[in-house]
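Let me begin by presenting the structure, written as structure tokens, before commenting on it.
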Amino acid sequence: MSNYQVNEKGYYGTFGGAYIPEMLYPNVEELRQNYRQIMDEPAFKAEFDKLMRDYVGRPSPLYLAGRLSERYGANIYLKREDLNHTGAHKINNTIGQILLAQRLGKTRIIAETGAGQHGVATATVCALKGLECVVYMGEIDIQRQAPNVARMKMMGAEVRPAKSGSKTLKDATNEALRDWINNPVNTHYIIGSVVGPHPYPDLVARFQSIISEETKKQLKEKTGSELPNYALACVGGGSNAMGMFYHFLDDESVRLIAAEAAGKGVHSGHSAATSVLGKEGVLHGSRTILMQTPDGQVIEPYSISAGLDYPGIGPQHAWLHKIQRAEYVSITDDEAMQAGLLLTRLEGIIPAIESAHALAQLEKMKFKPEDTVVVCLSGRGDKDLDNYMKYFGF
């Protein structure tokens, strides 16, 4: 997988690296030197696999959505990450990272969260392992994702509001990085997406790659071939998309499509369509593509979905975009909300608004009847019911 994977210097082509303050160097370096070795240990793998099976409930089903397939004239499969414990793909990564943290002797965990799904997944594994947990969350996101905040607190996590900037995910990440600088010895920072300094994009992608690993086996059973024609996922930072794409990267016949949040329109000034609006620069410790002003200040992103409200994409995505191995498309709030309602009405599945962005792309595609399409349903819509109700006036 050499073309698409990280090199020994921590780069995907021209993107990646570790652009960090000197104070953080020991933490990141400790992780970089140990993560592959720890993840390859038989005991680590055994514990990870056991928790995935018995605690998370994996493998998550690959469901042939009959009525959706009829509508679009193709075989549309949903990879049901929404059925995982805690309701999203985020738990795959937090379980992996808590096991890493324990083996590195860390006793305190910090995390950042936007939609709250990663925060919940982090609070969950800290409760499971009895470790102290602090989750940073933008003040605005705390208001719009109240059920998830309640879950985190119930599991014993401290939720600290980020009150600077746009008071959303980017600012929560800044606060978490500050905390880590101040607590370098006992604290592990569980980053929630394929972003941040090397080795985070790689280690998160490896934990999430279970999504495409299972999909290949399940497709083989259901269709006789382990390769779909299309794999779709939403992308903010991009961990569920990286998980969905990971084991298909080398198979050029599989078209990879990532749906970004265009908010109120790509050029409306209220958008998070990074691949269209972004330029190369450094964000949260890695060189990537991000939305920025001519003098390099980060432009505030906007999306109706708190999980896609991020001004950049992970460096591996930036590289896949640059070399055109994956296609990055922009979906507006309205398109996503309609797609979410459509899935609910056709299949009885309420998707997270994030995931609905990927579903919305189906409307814009032309399929052949024999096409196999897999959409990563990255999370369930319980956390978004308020938003859905306000939007549709239920």
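Residue numbering for the sequence shown follows my numbering, starting at 16 and increasing by one per position.
Think of the CB as a built atom: it goes at the ideal place given N, C-alpha and C, for glycine as much as any other residue.
Comparing alpha-carbon positions, the option among Ile365, Val389, Phe382 lying closest to Asn402 turns out to be Ile365.
In its chain, beyond the 5 residues on either side, Ile365, Pro366, Gly396 have a beta carbon closer than 8 Å to the beta carbon of Thr359.
Its chain contains Ile196 as the residues whose beta carbon lies nearer than 6 Å to that of Met38, once the 5 sequence neighbours on both sides are disregarded; these appear in chain order.
For Val135, the number of other beta carbons within 10 angstroms of its own is at least 16, and it is reported as buried.
Taking all protein chains in view, the Cβ of Phe409 is surrounded by fewer than 16 other Cβ atoms within 10 Å, so the residue is classified as exposed.
Minimum Cα-Cα distance from Glu295 among the listed residues Phe30, Val21, Asp217, Glu342 corresponds to Phe30.
Boundaries of the beta strand (DSSP E) harbouring Glu147: 147 to 153, taken from the DSSP string. In the DSSP annotation of this structure, the continuous segment of the beta strand (DSSP E) that includes Lys294 starts and ends at 294 to 298. Short of 7 Å from the beta carbon of Ala191, and not among the five residues preceding or following it, lie these beta carbons of its own chain, in chain order: Ile125, Ala126, Glu127, Tyr151, Tyr204.
Per the coordinates, the alpha-carbon of Leu234 lies some 26 Å from the alpha-carbon of Glu62. Cys249 sits away from Ser75, with the two beta carbons spaced by 9 Å or more. Fully enclosed alpha helix (DSSP H) runs of no fewer than 4 residues are not present anywhere in the stretch 261 to 291. For Ala354, the closest C-alpha among the options Arg193, Leu83, Gln52, Leu46 is that of Leu83. Of the candidates Ile53, Val164, Ala373, the residue whose Cα lies closest to the Cα of Ala130 is Val164. Boundaries of the beta strand (DSSP E) harbouring Asn90: 90 to 95, taken from the DSSP string. Residues of the same chain with a CB within less than 6 Å of the CB of Ser181, apart from the 5 flanking positions on each side, are Glu315 in chain order. Counting other Cβ atoms within 10 Å of its Cβ, Arg51 stays below 16 and is therefore classed as exposed. Rounded to the nearest whole angstrom, the C-alpha separation of Arg47 and His213 is 7 Å. Around Pro41, the same chain offers Pro199 as residues with beta carbons nearer than 8 Å, after the five sequence neighbours per side are excluded. Residue environment analysis places Arg302 among the buried positions, since at least 16 neighbouring C-beta atoms fall within 10 angstroms of its C-beta.
In the DSSP assignment, Arg395 forms a beta bridge with Pro366. Cα atoms of Ala371 and Ala351: separation of roughly 5 Å, rounded to the nearest angstrom. When DSSP reads this structure, Phe30 sits in a beta bridge with Tyr27. Taking Gly280 as the centre and dropping the five residues before and after it, the same chain places the C-beta of Ser286, Thr347 closer than 7 Å to its C-beta, in chain order.
Contact between Glu275 and Ser254 does not hold, since their C-beta atoms are separated by about 14 Å, which reaches or exceeds 8 Å. Rounded to whole angstroms, the separation of the alpha carbons of Tyr245 and Leu93 is 12 Å. In the DSSP assignment, His203 forms a beta bridge with Ile124.
Excluding five sequence positions before and after Asp97, the CB atoms of its chain that fall closer than 6 Å to its own CB belong to Leu392, Gly394, Arg395, given in chain order. Under the DSSP assignment, Ala248 falls in the beta strand (DSSP E) whose first and last residues are 245 to 249. Assignment of Tyr215 by DSSP, reduced to helix, strand and coil, places it in the helix class.
Secondary structure at Gln117: helix, using DSSP grouped into helix, strand and coil.
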